[in-house]
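Numbering (this note's numbering), first residue to last: 4 to 264.
Beta carbons are placed, not taken as given, at the ideal position from N, Cα and C, and that holds for glycine.
Take a look at the structure set out below.
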């Protein structure tokens, strides 16, 4: 039997320099836990998988609202593994992430990897709506197949609007049924871990980081707005995380330098 579930998070600035969580609503396999943050001004929520999901036919969603002035990090306790459904007619699964960030608010969306197991089919969409002074750090890591197996079918679409205008809209597809050559040298070059890091920072209005390579299989690209996108390939999840972590650390240093200038 397929599962339909939506987990909801609302973060609110409490007026005393910290952030409260008036809405923390778990649902189905998506269990939300408030966890300790090293930054006392920032709330942190960890998504804990309460059961195996998503399976074929499941419809899962996470909604996060960071209201004006709030600061919140959302991460996960473990990787998410997309698995085949219970039968040949189960169909594809859907995983929908909806993010809203208000004026002066900051959201860090930093889940663990999503693994596309052999035989699975998953359509994932991430949509973010940002106010003009909102900050967003978003990381997406896709692992195509568990160790020693081929990948399932996986499509991922990321859409970001800032002040109602498009900032980024891209879709990627991998595995059986994806356009021919998806794992060839012009696309993945045989790699099985692919990720992206999006940083939207109003301070970049005064000057965007320069485009550059971050190694042989990673690049930083400025967008048409105060934002940059890092895209990376790697042989495995560990190496992919190392590249994206280093990129994020560098971008946060650049942000602090711009803010001080």
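- Per DSSP, residue 173 is one residue of the beta strand (DSSP E) stretching across 168-177.
- In this structure, 77 is the residue among 5, 55, 77 and 18 with its C-alpha nearest to the C-alpha of residue 40.
- The alpha carbon of residue 247 has as its nearest neighbour, out of 171, 236 and 151, the alpha carbon of 236.
- Counting of Cβ neighbours within 10 angstroms places residue 44 among the exposed residues, the total staying below 16.
- DSSP links residue 185 through a beta bridge to no other residue.
- The count of Cβ pairs closer than 8 Å, one atom from the stretch 108-123 and one from the stretch 218-231, stays below three, leaving the stretches out of contact.
- DSSP, read as helix, strand or coil, puts residue 246 in helix.
- Per the DSSP secondary-structure output, residue 17 pairs with nothing in a beta bridge.
- If you draw a straight line from the Cα of residue 256 to the Cα of residue 113, it is about 18 Å long.
- Contact between residue 75 and residue 48 holds: CB atoms are separated by about 7 Å, below the 8 Å threshold.
- Counting only the Cα atoms, residue 57 lies some 26 Å from residue 184.
- Excluding its 5 nearest sequence neighbours in each direction, residue 159 has C-beta neighbours in its own chain below 6 Å: 127 and 175, listed in chain order.
- Pairing residue 116 with residue 144 gives a Cβ-Cβ distance under 7 Å.
- Here residue 162 is bridged, per DSSP, to 130 and 172.
- Residue 201: member of the beta strand (DSSP E) spanning 196-203, first to last residue.
- Partner residues in the beta bridge of residue 52, as assigned by DSSP, are 33.
- Taking residue 204 as reference, the option from 104, 155, 156 and 149 with the minimal CA-CA separation is 104.
- Residue 177 is positioned such that its CB atom lies no closer than 7 Å to that of residue 200.
- The Cβ atoms of residue 98 and residue 147 lie no closer than 7 Å to each other.
- Between residue 163 and residue 131, the gap from beta carbon to beta carbon is short of 7 Å.
- In the three-state reduction of the DSSP assignment, residue 259 falls in the helix class, which pools H, G and I.
- DSSP, reduced to helix, strand and coil, places residue 70 outside both helices and strands of the structure shown, so it counts as coil.
- Linking residue 259 to residue 206 through their CA atoms gives a straight-line distance of about 9 Å.
- For residue 223, the enclosing beta strand (DSSP E) starts and ends at 221-225.
- Beta-bridge partners assigned by DSSP to residue 102: 67 and 131.
- Between the C-alpha atoms of residue 81 and residue 65 there is a straight-line separation of about 16 Å.
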